[in-house]
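Position 9 of the sequence shown, counting from 1, maps to 67 under the working numbering, and the rest follow consecutively. Everything below concerns the one structure shown next.
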Amino acid sequence: MLCREGFSREDVAAVTIQAYFRAHLARRAFKALRSLARVRSRQALAKPKDNDDKLLLLQN
Numbered sequence: 059m060l061c062r063e064g065f066s067r068e069d070v071a072a073v074t075i076q077a078y079f080r081a082h083l084a085r086r087a088f089k090a091l092r093s094l095a096r097v098r099s100r101q102a103l104a105k106p107k108d109n110d111d112k113l114l115l116l117q118n
């Protein structure tokens, strides 16, 4: 444990709290990124694959 290496109990507590908070932020960022990827994936699936039909309709 860090207390044996010359760190005070308060220092160890601060480092522990910071580590947990950083992990929380990383999980939250990853969750947002995963959500964005899902939205983009759904949008890509919803788009028609062949835009030529639209172009023909617009040209007529």
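Cβ coordinates follow ideal geometry from the N, Cα and C atoms, glycine included. It should be emphasised that the depicted structure is a prediction, and the values quoted were computed from it without experimental measurement.
Between threonine 74 and alanine 81, the alpha-carbon positions lie close to 11 Å from each other. Lysine 89: member of the alpha helix (DSSP H) spanning 67-104, first to last residue.
Put simply, the backbone Cα of arginine 67 is about 18 Å away from that of phenylalanine 79.
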